[in-house]
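What follows is one structure encoded as structure tokens, with my remarks underneath.
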Amino acid sequence: MNEQLTDTELVDLFVEAQVTRQGAADVCDALLMTIRNRMVEKGATQLVHPTHMVTLPIGKPSYDVGVLAQLLERDDVPAALIDKAFIPTHMEPVQARWDGRGLNEISKLGGAAAEIIKDGTYRAPSMPSIKIK
248 MNEQLTDTEL VDLFVEAQVT RQGAADVCDA LLMTIRNRMV EKGATQLVHP
298 THMVTLPIGK PSYDVGVLAQ LLERDDVPAA LIDKAFIPTH MEPVQARWDG
348 RGLNEISKLG GAAAEIIKDG TYRAPSMPSI KIK
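For the sequence shown, my numbering gives the first residue as 248, with consecutive numbering after it.
As structure tokens, this is what we get:
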């Protein structure tokens, strides 16, 4: 079949296939995002499907720098623990951030510090995983 096509026809077929594949990829991405959003709205980590396992993994923890900044002002949190947990802005464009391992150490103190960390930590769901059962 391909031997009978001209070079132009072959290139045209290739371009058409690429456009179709990209269009299909865009549709798949949109559908996957819709599935994710529905699962988030329902608070679901799994969906029931007869032939596929659909799961929504929870992402790694992220930290609200503004909320956790309260830890820097607390007298009941040792400076050594703050030094392990807080990485200040040290060069552009690196922003100040919090290290989860250090925050875990501070959380062990309990009380207001642990509550601040709880309030300043969130986990955003990643994209759903869809696999054949």
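Ideal Cβ placement from N, Cα and C applies to all residues, glycine included.
Does the beta-carbon distance from L235 to M286 come in below 7 angstroms?
In this structure the chain extends from 248 to 380, so residue 235 is not present and cannot be described.
Determine, using beta-carbon pairs with one atom in the region 342 to 356 and one in the region 249 to 268, whether at least three such pairs fall under 8 angstroms.
no
Can the beta-carbon of D276 be found less than 7 angstroms from the beta-carbon of V314?
Against the sequence shown, residue 276 aligns to sequence position 29. Against the sequence shown, residue 314 aligns to sequence position 67. Here D276 is not near V314, since their CB atoms are 7 angstroms or more apart.
Comparing alpha-carbon positions, which option in A272, V312, M374, I379 lies nearest N284?
Locating residue 284 in the sequence shown gives position 37, counting from the first residue. Ranking the options by Cα distance to N284, first place goes to M374.
Thinking A359 and R321 are a contact (beta carbons under 8 angstroms), I'd like their distance in whole angstroms, please.
If you number the sequence shown from 1, residue 359 lands on position 112. If you number the sequence shown from 1, residue 321 lands on position 74. At roughly 7 angstroms, the Cβ-Cβ gap stays under 8 angstroms, so A359 and R321 are in contact.
Considering T368, what are the terminal residues of the alpha helix (DSSP H) in which it resides?
Within the sequence shown, residue 368 is the residue found at index 121, counting from 1. Unbroken run through T368 is the beta strand (DSSP E), 368 to 372; no alpha helix (DSSP H).
If A264 and G306 are in contact, beta carbons under 8 angstroms, what's the gap, nearest whole angstrom?
Counted from its first residue, the sequence shown places residue 264 at position 17. Counted from its first residue, the sequence shown places residue 306 at position 59. Not a contact, Cβ separation roughly 34 angstroms.
Give me the Cα-Cα distance between L279 and V262, rounded to the nearest whole angstrom.
The count along the sequence shown starts at 1 and reaches residue 279 at position 32. The count along the sequence shown starts at 1 and reaches residue 262 at position 15. If you draw a straight line from the Cα of L279 to the Cα of V262, it comes to about 25 angstroms.
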